[in-house]
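Numbering of the sequence shown is given in the working numbering, commencing with residue 1151 and proceeding in unit increments.
See below for the structure under consideration.
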Amino acid sequence: MNKTEIVNDLAERLSLPKTECYRFLQAWQTLMTERLSKSDSLILQGFGTFHPWSQTAREGRNPRTGETCLIRPRRSVKFKPGKMLLQKLNNTDK
């Protein structure tokens, strides 16, 4: 599902104009980005938790040459699903 499909689905479910749904989605993305960049976690009760994590610098190897090199540290985001989300996913698999 891409951003356009999310906006269309929200507009249909909430009976709102697509422009309003798009603005909501943009605001949500901005909020998430700002909070995660400040190393804050986002917790949506029952859905899950988004939290930033930092990978440390480590040594890697070039697969073509076998030469070792240093891989720079980076920041990323992890998602841990909540119990209600997992239950709903497992109930629909049956």
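Think of the CB as a built atom: it goes at the ideal place given N, C-alpha and C, for glycine as much as any other residue.
| DSSP on Arg1173, reduced to helix/strand/coil? | Position 23 of the sequence shown, counting from 1, holds the residue named residue 1173. In the three-state reduction of the DSSP assignment, Arg1173 falls in the helix class.
| task | Excluding the 5 residues preceding and the 5 following Gly1196 in the sequence, name in chain order all residues of the same chain whose CB lies nearer than 6 Å to its CB. | result | For the purposes of this step, residue 1196 is taken as the residue at position 46 of the sequence shown. Correct list, in chain order: Gly1232 and Met1234.
| request: Enumerate in chain order the residues of its own chain whose CB-to-CB distance from Glu1209 is below 8 Å, with the five nearest sequence positions on each side excluded. | output: For the purposes of this step, residue 1209 is identified with residue 59 of the sequence shown, where counting begins at 1. Counting only Cβ-Cβ distances below 8 Å, and skipping sequence neighbours, we find Thr1218, Cys1219, Leu1220 and Ile1221.
| From Gln1179 to Leu1164, what distance separates their C-alpha atoms? | As a working mapping, residue 1179 is identified with position 29 in the sequence shown. As a working mapping, residue 1164 is identified with position 14 in the sequence shown. Roughly 19 Å separates the two Cα atoms.
| request: Write down every uninterrupted run of the alpha helix (DSSP H) in the region 1156–1241 whose length is 4 residues or greater and which is fully enclosed by it, in chain order. | output: The region 1156–1241 contains these whole alpha helix (DSSP H) runs: 1168–1187.
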